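Trainee: In mature numbering (1 follows the signal peptide of the UniProt record, and there is no 0), the protein residues as written are -24 to -1, 1 to 149.
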Amino acid sequence: MRGHTFLISTLLAATLALSGAAQAQLNARPAIGGQVDAQHQFIQEYAKQPGVEVSTEGVAYRFLRKGPPVGLQPMPNSRIRVHYEGRLIDGTVFDSSYQRDETTVMSLEKVVKGWVEVIPRMHVGDKLEMVIPAELGYGQKGSGDGVIPPGATLIFKVELFEILPGELPRKGG
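1. Rounded to whole angstroms, how far is the Cβ of Val100 from the Cβ of Tyr22, which I believe are closer than 8 Å?
2. Measuring alpha carbon to alpha carbon, tell me which of Arg76, Asn53, Ala36, Lys103 ends up nearest Glu85.
3. Report, in whole angstroms, the separation of the C-beta atoms of Ile139 and Ile65, which I expect to be a contact under 8 Å.
4. Given a cut-off of 8 Å, decide if His59 and Thr32 are closer than it, judged by their beta-carbon atoms.
5. Tell me Pro87's beta-bridge partners as DSSP assigns them.
6. For the putative contact between Leu40 and Glu105, defined by C-beta atoms under 8 Å, what is the C-beta separation to the nearest angstrom?
7. Roughly how far, in whole angstroms, is the beta-carbon of Gly90 from the beta-carbon of Val35, given that I think they are within contact range, below 8 Å?
8. What does the Cβ neighbour count give for Val30, buried or exposed, with the cut at 16 atoms within 10 Å?
9. When you compare only the Cα positions, how much space is there between Lys133 and Lys103?
10. Determine, using beta carbons only, whether Leu112 and Val87 come nearer to each other than 8 Å.
11. Rounded to the nearest angstrom, what separates Glu61 and Lys117 at their Cα positions?
12. Quick one: what does DSSP say Ser72 is sitting in, helix, strand or coil?
13. Out of curiosity, what's the CA-to-CA distance linking Pro125 and Ser119?
14. Measure from the alpha carbon of Asp121 to the alpha carbon of each residue in Asp71, Pro50, Asp13, Arg97, then state which is nearest.
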C-alpha cells in the first residue's frame, strides 16, 4: 500500500510538473525595454483562461473557431491569406485587415516569431487569438513608426482562409 501511495504521488507530481512546464516558461520571461512585468503578467493571466494553450516559446493562444480538422496546415515558410487584427494590451488597435475590409496575403517568413510559432497549428477555416510576448514580437525596438512601443505584448486575432502556393513577389521589381 505504501508503494502504491508513493507511486501515485510521484505520478501526480510528474503530471503537475508537465502541466506546469508552460507556466514555468511564462514565468521565466525577462522584462524587456524597461517594462515592468505588467506585460508578462497579462500573458500569465490570459493563459489561465479556459481553452488557452501555451506554445513551447511562450505564446498563449486559443481557438475561437475550428474549421475542418483535415487538410493542409501552414508551414513556417508558407504564404497565407488571412484576416487579422493586432492590438496592444490597453486595447489600442495598431493594424487590422478587418478595418481595411480586405484579407491580407503574407509569408510567414516575414512576420514576427510569435506568428511562426502558432499559425502552423491552424487549419484553413480556423480563427484564433494569440498573445505574443515582446521577445517574439517587436522586442526592444518596438515598431519603426512608434505605434508599438518597446517591450510590448501583442494580441492578434487571426482567421486563416487559404494556404497559397509559391512566393510573394518582391517589392521594387
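Cβ atoms here follow ideal geometry from the backbone N, Cα and C, with glycine treated the same way. Because the structure is a prediction, the values reported are computed rather than measured.
Mentor: So, to answer that:
1. With a Cβ gap of about 25 Å, Val100 and Tyr22 do not count as contacting.
2. Each of Arg76, Asn53, Ala36, Lys103 was checked against the Cα of Glu85, and the nearest Cα belongs to Asn53.
3. The Cβ separation is near 30 Å, so there is no contact.
4. Contact: no.
5. Per the sequence presented here, residue 87 reads as Val, with Pro not at that position. According to DSSP, Val87 bridges with nothing at all.
6. 6 Å
7. 5 Å
8. Buried is the call here.
9. One C-alpha to the other measures close to 7 Å.
10. no
11. 21 Å
12. strand
13. 7 Å
14. Asp71
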